[in-house]
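K.L.:
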Amino acid sequence: MPFTFSHPAAIFPMVGNKRYFSASGLIVGSMVPDFENFLRMDLNGSVSDTFLGIFIFDLPLSILLLFLYHLYVRDIFISSLPKFLSQRFATYFGFDWMGCFKNRWKIILSSIFIGVLTHLFWDSFTHYDSWLSLNFRSFFYFKIGGISLFNVFQHASSLVGGVLVFVYIGKMEKGNLPNIQGFKKQYYWLMVFLFGGIAFICRAFFGFDRFDEAIVSAISSVLWGILLGSFLYVKYKKSSLFSGKKTA
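The sequence shown runs 1279 to 1526 under the numbering used here.
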């Protein structure tokens, strides 16, 4: 599959139109079909990239991820990023997600749906078992240097998407983060990698059939580490983290 975190490149043309789209909805929607693999810690996902899966997996999980991110992860995570990134995401620190969802839930849901569609469209010409690949085998299975075209598209589009994401972030306006009393980045990342390491070791105990399965499991472990580390840090530092809020 194309690199998960390259997928938001497909929704950047819509992100700036805040009247009709939700950036949070578009971004999480563009990545969420891959989260079936992250949750399973393997590459055997079979629901999230189907039409039915959009409604029974992608949309519900996207909403859950958005609430977890904005309420427990966002502020502490942004504060823990390297300066290049934290300055550019500073504008989202303290964002009033609950108020935003209450007033714009229809736009958020439609944005998630659009984001999911961009993901599925991208995957349609980069997966060996997609409808396009199976029905146009002579084209997608044509080999260049021993590599099938769908694989070429997969890796090339991941690279291009990753570059576009990096460029987009680099052009974001810089801001200043408020000081968080008693906050230590090293303690936060220690918790992240502690929980992530435990998750990966537990998964590795059952073995990996393929190398890319280990990669997916490693990414999943880091995501679990970020969630659990953020949740625990916010639980004990909530009063200082959320002393001020911005409006949507």
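Glycine residues also receive a C-beta, built at the ideal position from the N, C-alpha and C atoms.
Bear in mind the structure is a predicted one, so any value in this text is a computation, not a measurement.
For residue 1299 and residue 1364, I'd like the C-alpha separation in whole angstroms.
P.N.:
Translated into the one-based positions of the sequence shown, residue 1299 becomes position 21. Translated into the one-based positions of the sequence shown, residue 1364 becomes position 86. Rounded to the nearest angstrom, the two C-alpha atoms are 24 Å apart.
K.L.:
By alpha-carbon positions, which one of 1493, 1505, 1350 ends up nearest to residue 1320?
P.N.:
Here residue 1320 refers to the residue found at position 42 of the sequence shown. Checked all of 1493, 1505, 1350; the closest Cα to residue 1320 is 1493.
K.L.:
Here's a check: name, in chain order, each residue in its chain whose Cβ is nearer than 6 Å to the Cβ of residue 1335, leaving out the five neighbours to either side.
P.N.:
Position 57 of the sequence shown, counted from the start, is the residue given in the question as residue 1335. Cβ within range, chain order: 1325, 1326.
K.L.:
Give the single residue among 1315, 1356, 1349 whose Cα lies nearest to the Cα of residue 1497.
P.N.:
Sequence index remark: in the sequence shown, residue 1497 carries index 219 (1-based). Ranking 1315, 1356, 1349 by Cα distance to residue 1497 puts 1315 first.
K.L.:
Count the CB pairs spanning the stretch 1442-1462 and the stretch 1285-1292 that are closer than 8 Å, and state whether there are at least three.
P.N.:
yes
K.L.:
CA-CA distance, residue 1358 and residue 1480?
P.N.:
Within the sequence shown, numbered from 1, the residue matching residue 1358 stands at position 80. Within the sequence shown, numbered from 1, the residue matching residue 1480 stands at position 202. About 26 Å.
K.L.:
Given a threshold of 16 other Cβ atoms within 10 Å of its Cβ, counted over all protein chains shown, does residue 1434 qualify as buried or as exposed?
P.N.:
Working through the sequence shown from its first residue, we reach residue 1434 at position 156. Label assigned to residue 1434: exposed.
K.L.:
Rounded to a whole number of angstroms, what is the C-alpha to C-alpha distance between residue 1282 and residue 1456?
P.N.:
Here residue 1282 corresponds to residue number 4 of the sequence shown, with the count starting at 1. Here residue 1456 corresponds to residue number 178 of the sequence shown, with the count starting at 1. If you take the alpha carbons of residue 1282 and residue 1456, they lie about 31 Å apart.
K.L.:
Going by DSSP, name the residue or residues bridged to residue 1426.
P.N.:
Numbered from its first residue, the sequence shown carries residue 1426 at position 148. According to DSSP, which records beta bridges pairwise, residue 1426 is partnered with 1421.
K.L.:
Would you grab the beta carbon distance between residue 1503 and residue 1473 for me? Rounded to a whole angstrom, and I think it's under 8 Å.
P.N.:
Residue mapping note: residue 1503 aligns to position 225 of the sequence shown, counting from 1. Residue mapping note: residue 1473 aligns to position 195 of the sequence shown, counting from 1. Right, the Cβ-Cβ distance comes to about 4 Å (below 8 Å), so this counts as a contact.
K.L.:
From residue 1466 to residue 1507, what does the alpha carbon distance come to, in whole angstroms?
P.N.:
Position 188 of the sequence shown holds residue 1466. Position 229 of the sequence shown holds residue 1507. Each residue's alpha carbon lies about 6 Å from the other.
K.L.:
May I ask you to verify whether the stretch 1362-1377 touches the stretch 1418-1437, counting CB pairs closer than 8 Å and requiring at least 3?
P.N.:
Judged by pairs of C-beta atoms under 8 Å, the stretch 1362-1377 does not touch the stretch 1418-1437, as fewer than three such pairs exist.
K.L.:
Which of the three DSSP states, helix, strand or coil, is assigned to residue 1299?
P.N.:
In the sequence shown, the residue the question calls residue 1299 occupies position 21. It is coil, neither helix nor strand.
K.L.:
Looking at the structure shown, is residue 1486 part of a helix, part of a strand, or coil, going by DSSP?
P.N.:
The sequence position of residue 1486 within the sequence shown is 208, counting from 1. Three-state result, residue 1486: coil.
K.L.:
Using only the alpha-carbon positions, how far apart do residue 1448 and residue 1302 sit?
P.N.:
Numbered from 1 along the sequence shown, position 170 holds the residue referred to as residue 1448. Numbered from 1 along the sequence shown, position 24 holds the residue referred to as residue 1302. So the alpha carbons of these two residues sit roughly 18 Å apart.
K.L.:
Alpha carbon to alpha carbon, what distance is there between residue 1295 and residue 1426?
P.N.:
Within the sequence shown, numbered from 1, the residue matching residue 1426 stands at position 148. Within the sequence shown, numbered from 1, the residue matching residue 1295 stands at position 17. Between residue 1426 and residue 1295, the alpha-carbon positions lie close to 38 Å from each other.
K.L.:
Between which two residues does the alpha helix (DSSP H) harbouring residue 1293 extend?
P.N.:
As a working note, residue 1293 is residue 15 in the sequence shown. Where residue 1293 is concerned, the enclosing alpha helix (DSSP H) stretches over 1290-1293.
K.L.:
I need the boundaries of the alpha helix (DSSP H) containing residue 1396, first residue and last residue.
P.N.:
In the sequence shown, counting from the first residue as 1, residue 1396 sits at position 118. Segment 1375-1402, the alpha helix (DSSP H) holding residue 1396.
K.L.:
Applying the criterion that 16 or more other CB atoms from any shown protein chain within 10 Å of the CB defines a buried residue, is residue 1312 buried or exposed?
P.N.:
Along the sequence shown, read from residue 1 onward, the residue named residue 1312 stands at position 34. Buried is the call here.
K.L.:
Which word fits residue 1383, buried or exposed, when buried means at least 16 other C-beta atoms lie within 10 angstroms of its C-beta?
P.N.:
One-based indexing of the sequence shown puts residue 1383 at position 105. Looking at its Cβ environment, which holds fewer than 16 other Cβ atoms inside 10 Å, residue 1383 is exposed.
K.L.:
Tell me the DSSP secondary structure of residue 1450 in three-state form.
P.N.:
Sequence index remark: in the sequence shown, residue 1450 carries index 172 (1-based). Of the three classes helix, strand and coil, the one that applies to residue 1450 here is coil, per DSSP.
K.L.:
For residue 1322, which option in 1395, 1346, 1279 has the closest C-alpha, if you only look at C-alpha atoms?
P.N.:
Here residue 1322 corresponds to residue number 44 of the sequence shown, with the count starting at 1. Measuring from the Cα of residue 1322, the nearest candidate turns out to be 1279.
K.L.:
Go ahead and label residue 1487 buried or exposed: buried means 16 or more other beta carbons lie within 10 angstroms of its beta carbon, across all protein chains shown.
P.N.:
Here residue 1487 refers to the residue found at position 209 when the sequence shown is read from its first residue. Residue 1487 is exposed by the Cβ-count criterion.
K.L.:
Cβ of residue 1505 within 8 Å of Cβ of residue 1317?
P.N.:
Reading the sequence shown from its first residue, position 227 is the one you call residue 1505. Reading the sequence shown from its first residue, position 39 is the one you call residue 1317. Cβ distance not < 8 Å, so residue 1505 and residue 1317 don't count as in contact.
K.L.:
Along the chain, where does the alpha helix (DSSP H) that runs through residue 1324 open and close?
P.N.:
In the sequence shown, the residue the question calls residue 1324 occupies position 46. Where residue 1324 is concerned, there is no enclosing alpha helix (DSSP H), given that its DSSP letter is neither H nor E.
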